[in-house]
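So the sequence lines, in the order shown, correspond to chains A and B. Just add 304 to the spot in the first sequence (first one is 1) and you have the numbering used here. Just add 18 to the spot in the second sequence (first one is 1) and you have the numbering used here. Even glycine gets a Cβ: it sits at the ideal position worked out from N, Cα and C. These figures come from a predicted structure and were not determined experimentally. Reading through the structure tokens given below for one structure.
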Amino acid sequence: MTRISMTVDGVRYDDDVEPRTLLVQHLRDRLGKVGTVVGCDTSNCGSCTVLLSGTSVKSCSVLAVQADGADVTTIEGLAGADGELHPVQTAFHEQHGLQCGFCTPGMIMASVDLLTENPDPTDEEIREGLEGNLCRCTGYQNIVRAVHAAAESMRTSVPSTPEGAEAAEGVTT
Amino acid sequence: MTVTEQRPSGEVGRDRRRKEDARLITGRTSWTDNLSLPGMLHLAILRSPMAHARITGIDVTAARGAPGVVDVFTGPDIADLQGAMPCIWPVTEDTVLPVYPPLALDEVRHAGEPVAVVAARDRASALDALELIEVGYEPLPVVLDMEAALADGAPLVHEAAGTNRCYTWILDSAQAGTGGDVARAEAEAEVVVRRRFIQQRLIPAFMEPRSTVVDPTGDQITMWSSTQVPHVLRILLSLGTGMPEHKIRVIAPDVGGGFGGKLEVTPEEFIAFAAARRLHKPVKFTESRSEAMLSAHHGRDQVQDITVTARRDGTVTGMSAKLLANMGGYLGIIAPGIPILGAFMYGGIYKFPAYRFECTGVFTTTTKTDAYRGAGRPEATFALERIMDELAAELDMDPLELRRRNWIDSSEFPFTTAAGLTYDSGDYAAATARATELFGYDALRQEQAARRASGDPVQLGIGVSTYTEMCGLAPSRVLGQLRYAAGGWESAAVRVLPTGKVEVVTGTSPHGQGHETAWSQIVADQLGVGFDDVEVLHGDTRTSHKGLDTYGSRSLAVGGIALVNACQRVVEKALPVAAHLLEADPADLEFAEGAFRVKGAPGAATKTMADCAFAVFQSHDLPDGVESTLDADATYDPENFSYPHGTHLCAVEVDTETGMVKVRSYVAVDDVGRVINPLIVEGQVHGGVAQGIAQALFEEARYDEDGNLTTGTFVEYTIPSSADLPDIVTDRTETPAPGHPLGAKGVGEAGTIASTPAVVNAVVDALRPMGVTDVRMPCTPERVWSTIVAARAAGGEGR
Chain A
305 MTRISMTVDG
315 VRYDDDVEPR
325 TLLVQHLRDR
335 LGKVGTVVGC
345 DTSNCGSCTV
355 LLSGTSVKSC
365 SVLAVQADGA
375 DVTTIEGLAG
385 ADGELHPVQT
395 AFHEQHGLQC
405 GFCTPGMIMA
415 SVDLLTENPD
425 PTDEEIREGL
435 EGNLCRCTGY
445 QNIVRAVHAA
455 AESMRTSVPS
465 TPEGAEAAEG
475 VTT
Chain B
19 MTVTEQRPSG
29 EVGRDRRRKE
39 DARLITGRTS
49 WTDNLSLPGM
59 LHLAILRSPM
69 AHARITGIDV
79 TAARGAPGVV
89 DVFTGPDIAD
99 LQGAMPCIWP
109 VTEDTVLPVY
119 PPLALDEVRH
129 AGEPVAVVAA
139 RDRASALDAL
149 ELIEVGYEPL
159 PVVLDMEAAL
169 ADGAPLVHEA
179 AGTNRCYTWI
189 LDSAQAGTGG
199 DVARAEAEAE
209 VVVRRRFIQQ
219 RLIPAFMEPR
229 STVVDPTGDQ
239 ITMWSSTQVP
249 HVLRILLSLG
259 TGMPEHKIRV
269 IAPDVGGGFG
279 GKLEVTPEEF
289 IAFAAARRLH
299 KPVKFTESRS
309 EAMLSAHHGR
319 DQVQDITVTA
329 RRDGTVTGMS
339 AKLLANMGGY
349 LGIIAPGIPI
359 LGAFMYGGIY
369 KFPAYRFECT
379 GVFTTTTKTD
389 AYRGAGRPEA
399 TFALERIMDE
409 LAAELDMDPL
419 ELRRRNWIDS
429 SEFPFTTAAG
439 LTYDSGDYAA
449 ATARATELFG
459 YDALRQEQAA
469 RRASGDPVQL
479 GIGVSTYTEM
489 CGLAPSRVLG
499 QLRYAAGGWE
509 SAAVRVLPTG
519 KVEVVTGTSP
529 HGQGHETAWS
539 QIVADQLGVG
549 FDDVEVLHGD
559 TRTSHKGLDT
569 YGSRSLAVGG
579 IALVNACQRV
589 VEKALPVAAH
599 LLEADPADLE
609 FAEGAFRVKG
619 APGAATKTMA
629 DCAFAVFQSH
639 DLPDGVESTL
649 DADATYDPEN
659 FSYPHGTHLC
669 AVEVDTETGM
679 VKVRSYVAVD
689 DVGRVINPLI
699 VEGQVHGGVA
709 QGIAQALFEE
719 ARYDEDGNLT
729 TGTFVEYTIP
739 SSADLPDIVT
749 DRTETPAPGH
759 PLGAKGVGEA
769 GTIASTPAVV
779 NAVVDALRPM
789 GVTDVRMPCT
799 PERVWSTIVA
809 ARAAGGEGR
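In structure tokens:
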């Protein structure tokens with residue numbers, strides 16, 4: 305067992321872990337952070353993406369001991385303390401960027417990181433940037449829309465598209 | 019009284035953002051694997067590394083002594099407890115139904131079959147202990163190819179059956195009296211086109227791996243499972259294990275995708291159920307992705323021999339489809355019926371006067387197959403739309419023109435096909451006109467001609483797919499005629515709470531489709547309550563005791579009508595209460611815009627559903643004979659299938675030097691009837707088209723010669739990423755569906771059904787001048803390039 309200490313979603317945790325424990329296992333099984341999910345065992349799907357000291361990582365490809373001393377943000381810690389959603393969360397909701405929602409925590413965390421690095425991405429940059437996060441439901445089109453909407457919202461610092469104001473009905477290109 | 023069905027400013031038709039999202043975007047979701055119960059043990063399953071073998075012995079001694087291990091057991095250890103896996107769709111009288119033990123007893127028939135189980139205090143300990151189990155296998159011959167499996171003297175998957183043939187099912191329009199004779203049509207035909215198409219094996223690849231938690235308490239037992247079919251699961255757990263149905267509660271909490279892949283009752287669920295009963299403790303089993311790829315059922319895997327006959331003017335005269343369908347090593351719950359769901363659709367939207375379908379189900383030593391999005395209908399539509407393009411090429415006719423000459427005109431509905439289905443509605447010309455307009459069909463054909471003329475190494479291909487499908491599964495009588503063991507009705511209940519809020523209980527079981535949102539929109543309009551005043555409950559057999567769950571684009575088309583009917587009963591029950599409160603005669607009242615009022619008296623006093631609900635709650639002053647409740651339920655059994663249709667057009671660029679295919683533009687115009695929530699419908703089309711493109715270009719489950727799955731992770735089984743897929747253009751046409759009170763035809767499978775042939779037709783179209791007449795799916799660069807090379811070698815034109 306190895307003693308590690310990390311801050312997760314603003315709370316500090318000190319734990320003894322087996323050196324082989326993956327960060328995602330530590331988050332889910334020890335800390336109860338089950339908002340972060342496991343979709344594969346080969347680091348392909350990205351469902352378990354979290355922010356490790358501000359940068360997105362697949363938490364299945366990081367050992368818990370490697371996160372010793374780090375600041376981890378999961379999907380559960382993304383909204384403000386008052387419950388106000390992060391613009392990326394709002395945009396996924398407004399643009400219907402999720403269906404079953406299983407990939408969504410990872411997709412949102414990866415999008416947050418993408419927008420930190422590139423606040424005004426093109427379609428292609430979004431598609432390339434999220435290539436490591438698989439979704440089986442949406443065909444990605446509304447995820448791309450959501451990332452654009454979040455980018456716009458974060459640049460202008462006003463809430464994303466109000467409900468119903470931009471109908472997705474009819475022709476969309 | 020009159021009921022105005024929909025308020026002009028109603029919820030139905032509105033782009034409501036989904037209620038489900040709040041928990042999904044914040045990580046507060048109830049996935050089964052999130053559940054932890056006091057004292058819960060974790061299961062790990064040892065799976066066969068052999069595709070076919072006799073088990074000569076299993077030594078679990080070392081595993082039993084491993085740290086954290088509580089129990090290790092094999093099939094024989096739980097033989098009396100585990101029951102047998104059911105198949106509920108023997109499509110013929112003589113369908114072979116092999117014994118299917120959840121945990122292998124003495125023989126394994128596909129790689130990945132469960133052979134032993136460890137129960138331990140944590141998952142890591144359970145997985146560690148698996149490595150200490152010694153299993154002796156005596157290899158038996160593998161059976162992989164379907165034609166070889168049917169040959170005389172082939173090794174048998176199930177020795178006791180004496181054959182690898184599961185069944186042969188035939189629909190012949192001459193025999194059924196629904197049309198002509200295909201043999202005669204062929205004898206008289208001016209043109210005959212034959213093709214063999216291969217529907218490669220696919221993996222549904224839902225994102226949430228399957229998970230189940232079982233909690234035994236006294237003589238009751240609760241199972242949480244990531245399933246599409248909690249109601250079916252409860253019944254089959256009871257029938258399969260002998261445990262009384264009323265002692266079993268099944269809960270499907272939030273479920274992370276299914277696509278038919280969770281339309282299954284699984285060995286893993288039965289094993290966990292048996293383990294909990296054996297150990298008298300809660301247990302959890304969550305599969306890894308590799309286990310999911312290996313052991314959750316696969317889809318498609320058919321060989322299709324198709325013959326179409328026609329006159330020189332393009333008029334089709336006959337369609338014949340002869341299929342081999344791979345069942346795998348055992349039968350999934352509805353596996354034999356999957357190709358039969360396509361059996362009625364090989365004629366599609368065209369007026370084939372003669373029709374014949376024959377399918378033989380075959381056992382092989384592979385993972386079982388069963389439903390995958392579209393289930394039989396994508397296969398049918400693919401074969402039909404591909405061969406229509408081949409016929410068009412043979413006749414040197416534009417593929418759209420060939421379709422126009424043969425499709426059912428909108429004035430001809432209802433139309434009974436040679437396959438015996440009566441299509442209720444449709445306007446194929448309208449959908450096609452809209453699609454060609456959005457697509458820029460003529461301009462793309464001009465560009466194609468220019469590229470061909472200039473010898474551009476990147477050729478342009480245009481693919482057409484005009485489809486219909488049978489949705490809204492299903493009329494119970496039809497299912498009975500097809501020997502399906504269950505009905506096809508759906509159920510809904512509406513509970514009006516004292517404060518006027520409404521709880522809706524549905525028998526459908528969503529796993530991404532947004533029923534909580536769409537059902538709220540329907541109820542809001544029906545009862546005149548707010549969208550946010552409705553709560554939709556589902557997926558728990560204790561609250562929703564009656565239902566047939568979610569698959570086959572049925573939830574709205576069938577369950578939606580049950581919901582409307584239940585709401586109308588609530589209004590009927592509220593009427594005498596409102597009349598009493600208004601001191602009026604019930605016959606003088608109308609229910610419109612969310613309130614009861616005297617007809618023809620605008621501005622008069624009104625009573626809302628909430629007023630009636632509170633009056634009923636108090637029951638201080640109800641008219642004699644009025645029951646103290648507004649609650650109502652309804653069960654709806656459809657009289658016919660619903661028939662969504664549409665036209666999908668795809669343009670691809672094919673690099674003839676590398677074989678690389680790029681989807682340049684894609685237009686989907688679908689007629690799914692009346693739309694409750696356009697945002698959700700569009701999302702369903704996006705996702706459906708993505709999965710259809712994936713079959714056309716990317717995905718294939720493959721086995722090596724020893725029967726090992728070589729595509730067992732997302733590294734080898736390449737579901738498309740965001741960088742692989744195009745934006746698509748969607749639009750809708752809408753023709754009323756007269757038989758359906760809600761007018762909704764179903765949308766869950768449409769995109770998948772339509773898109774695969776559109777893409778492959780485009781790829782073949784790009785290469786046709788080179789002599790290419792087919793490209794086998796998936797059209798990977800390697801396969802496209804090889805096809806070009808082979809066509810050139812065979813003396814095709816060109817470059």
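Legend entry - C349(A): contacting residues in chain B (beta-carbon distance under 8 Å): Within the first sequence, residue 349(A) is the residue found at index 45, counting from 1. Ordered by position in chain B, the residues that pass the 8 Å Cβ test against C349(A) are M225, R307 and F732.
Inset, instruction - Going by DSSP, name the residue or residues bridged to C668(B). - result: Indexing the second sequence from 1 puts residue 668(B) at position 650. According to DSSP, which records beta bridges pairwise, C668(B) is partnered with G481(B) and Y684(B).
Inset, instruction - List the residues of chain B whose Cβ lies closer than 7 Å to the Cβ of D345(A), in chain order. - result: Within the first sequence, the letter at position 41 stands for residue 345(A). For a Cβ distance threshold of 7 Å, residue set S306, R307 and S308 of chain B lies close to D345(A), ordered along the chain.
Inset, instruction - Mind the definition here: the region 79-97 of chain B touches the region 127-142 of chain B only if three or more C-beta pairs lie below 8 Å; say whether that holds. - result: Contact annotation: the region 79-97 of chain B touches the region 127-142 of chain B, with at least three C-beta pairs closer than 8 Å.
Inset, instruction - Mind the definition here: the region 501-513 of chain B touches the region 574-594 of chain B only if three or more C-beta pairs lie below 8 Å; say whether that holds. - result: The region 501-513 of chain B makes contact with the region 574-594 of chain B, as at least three CB pairs between them are under 8 Å.
Legend entry - Positions along the region 44-62 of chain B whose CB lies within less than 7 Å of some CB in chain A: Going along the region 44-62 of chain B in chain order, one finds T44, G45, R46, T47, W49 and N52 with a Cβ nearer than 7 Å to chain A.
Legend entry - chain B within 8 Å of A371(A), Cβ atoms only: The residue given as residue 371(A) occupies position 67 in the first sequence. No, no contact with chain B.
Inset, instruction - Go ahead and pull the three-state DSSP assignment for L341(B). - result: As a first step, residue 341(B) is located in the second sequence; it is residue number 323 there, counting from the start. L341(B) carries a strand assignment under DSSP once its states are collapsed to helix, strand and coil.
Legend entry - Residues of the region 391-408 of chain A whose Cβ lies closer than 7 Å to any Cβ of chain B, in chain order: Listed by position along the chain: Q393, F396, H397, E398, H400, L402, Q403, C404, G405, F406, C407 and T408.
Inset, instruction - Taking A739(B) as the query, report the chain A residues whose CB atoms sit under 7 Å from its CB, ordered along the chain. - result: As a first step, residue 739(B) is located in the second sequence; it is residue number 721 there, counting from the start. Note that residue 739(B) is Ser in the sequence shown, not Ala. Contacts between S739(B) and chain A, judged by CB atoms closer than 7 Å, involve E435 and L438 in chain order.
Legend entry - Whole-angstrom distance between G525(B) and V552(B), CA atom to CA atom: Indexing the second sequence from 1 puts residue 552(B) at position 534. Indexing the second sequence from 1 puts residue 525(B) at position 507. Straight through space, the alpha carbons of G525(B) and V552(B) are spaced by roughly 16 Å.
Legend entry - N- and C-terminal bounds of the beta strand (DSSP E) containing C377(B): What you label residue 377(B) is simply residue 359 of the second sequence in a count that begins at 1. In the DSSP annotation of this structure, the continuous segment of the beta strand (DSSP E) that includes C377(B) starts and ends at Y373 to F381.
Legend entry - Ordered list of beta strand (DSSP E) runs contained in the region 88-148 of chain B, each at least 3 residues: Fully enclosed beta strand (DSSP E) runs of 3 or longer: 132-138.
Inset, instruction - State the Cα-Cα distance for the pair R219(B) and T325(A), rounded to the nearest angstrom. - result: As a position in the second sequence, residue 219(B) is number 201, starting the count at 1. As a position in the first sequence, residue 325(A) is number 21, starting the count at 1. Straight-line Cα distance between these residues: approximately 35 Å.
Legend entry - CA nearest to the CA of D163(B), picked from D442(B), N182(B) and Q499(B): Counted from its first residue, the second sequence places residue 163(B) at position 145. Selected option, being the one with the closest Cα: N182(B).
Legend entry - Within chain A, the residues that H529(B) reaches when beta carbons sit closer than 7 Å: As a working mapping, residue 529(B) is identified with position 511 in the second sequence. Annotation: Cβ neighbours of H529(B) in chain A (cutoff 7 Å, chain order): C404.
Legend entry - Buried/exposed call for A471(A), threshold 16 Cβ in 10 Å: If you number the first sequence from 1, residue 471(A) lands on position 167. Only weak support is given to the placement of A471(A): the predicted model assigns it a pLDDT of 40, under 50, and the question is left unresolved by the model.
Inset, instruction - Output the distance between the C-alpha atoms of D567(B) and A223(B), rounded to the nearest integer angstrom. - result: Here residue 567(B) is taken as the residue at index 549 of the second sequence, counted from 1. Here residue 223(B) is taken as the residue at index 205 of the second sequence, counted from 1. Straight across, the Cα-Cα distance linking D567(B) with A223(B) is about 20 Å.
Legend entry - Any C-beta of chain B under 8 Å from that of Y444(A): Here residue 444(A) corresponds to residue number 140 of the first sequence, with the count starting at 1. Taking Cβ atoms only, chain B reaches closer than 8 Å to Y444(A), which makes this a yes.
Legend entry - Residues near M458(A) in its chain [Cβ-Cβ closer than 7 Å; skip 5 each side]: Looking up residue 458(A) in the first sequence gives position 154. Excluding its 5 nearest sequence neighbours in each direction, M458(A) has C-beta neighbours in its own chain below 7 Å: P391, L419 and P423, listed in chain order.
Legend entry - Terminal residues of the beta strand (DSSP E) in which C184(B) lies: As a first step, residue 184(B) is located in the second sequence; it is residue number 166 there, counting from the start. Segment R183 to D190, the beta strand (DSSP E) holding C184(B).
Legend entry - Local conformation of C585(B) per DSSP, three classes: Position 567 of the second sequence, counted from the start, is the residue given in the question as residue 585(B). In the three-state scheme derived from DSSP, where H, G and I count as helix and E and B as strand, C585(B) is classed as helix.
Inset, instruction - Indicate whether H563(B) and H533(B) have their beta-carbon atoms separated by less than 8 Å. - result: For this step, residue 563(B) is matched to residue 545 along the second sequence. For this step, residue 533(B) is matched to residue 515 along the second sequence. No.
Legend entry - Any C-beta of chain B under 8 Å from that of A414(A): In the first sequence, the residue the question calls residue 414(A) occupies position 110. It does not; no Cβ of chain B falls within 8 Å.
Legend entry - Beta-bridge pairing of F224(B) - partner residues as DSSP gives them: For the purposes of this step, residue 224(B) is identified with residue 206 of the second sequence, where counting begins at 1. Paired residue(s): none; F224(B) is not in a bridge.
Legend entry - When A454(A), H400(A) and N437(A) are compared against D33(B), the one with the closest alpha-carbon: By 1-based counting over the second sequence, the position of residue 33(B) is 15. The residue among A454(A), H400(A) and N437(A) with its C-alpha nearest the C-alpha of D33(B) is H400(A).
Inset, instruction - Report yes or no: is there a C-beta of chain B within less than 8 Å of the C-beta of G314(A)? - result: Walking along the first sequence from the start, residue 314(A) turns up at place 10. No, G314(A) lies away from the interface with chain B (no Cβ there is under 8 Å from its Cβ).
Inset, instruction - Would you please verify whether the beta carbon of G358(A) is less than 8 Å from any beta carbon of chain B? - result: As a first step, residue 358(A) is located in the first sequence; it is residue number 54 there, counting from the start. Taking CB atoms only, G358(A) has no neighbour in chain B less than 8 Å away.
Inset, instruction - Can you give me the start and stop residues for the alpha helix (DSSP H) that E206(B) sits inside? - result: On the second sequence, position 188 is the one that residue 206(B) refers to. Boundaries of the alpha helix (DSSP H) harbouring E206(B): V200 to E206, taken from the DSSP string.
Inset, instruction - If I'm right that G355(B) touches R395(B) with Cβ under 8 Å, what's the distance once you round it to whole angstroms? - result: For the purposes of this step, residue 355(B) is identified with residue 337 of the second sequence, where counting begins at 1. For the purposes of this step, residue 395(B) is identified with residue 377 of the second sequence, where counting begins at 1. Incorrect: roughly 12 Å between the Cβ atoms, too far for contact.
Legend entry - Coil, strand or helix - F406(A) by DSSP: By 1-based counting over the first sequence, the position of residue 406(A) is 102. Note: F406(A) maps to coil in three-state DSSP.
Inset, instruction - Under 6 Å Cβ to Cβ from L18(B), same chain only, skipping five residues before and after it: list those, please. - result: There is no way to answer for residue 18(B), as the model of chain B reaches only from 19 to 817.
Inset, instruction - Count the C-beta pairs between the region 762-777 of chain B and the region 480-490 of chain B that are closer than 8 Å, then say yes if the count reaches three, no if not. - result: The region 762-777 of chain B and the region 480-490 of chain B touch, with no fewer than 3 CB-CB distances between them shorter than 8 Å.
Legend entry - Counterpart residues of S243(B) in DSSP-defined beta bridges: As a working note, residue 243(B) is residue 225 in the second sequence. In the DSSP assignment, S243(B) forms a beta bridge with T230(B).
Inset, instruction - List the residues that DSSP assigns as beta-bridge partners of Y444(A). - result: Counted from its first residue, the first sequence places residue 444(A) at position 140. Paired residues: none, contrary to the question.
Inset, instruction - May I ask you to list, following chain order, the residues of the region 77-105 of chain B that have a beta carbon less than 9 Å from some beta carbon of chain A? - result: Cβ contacts with chain A come from no residue of the region 77-105 of chain B.
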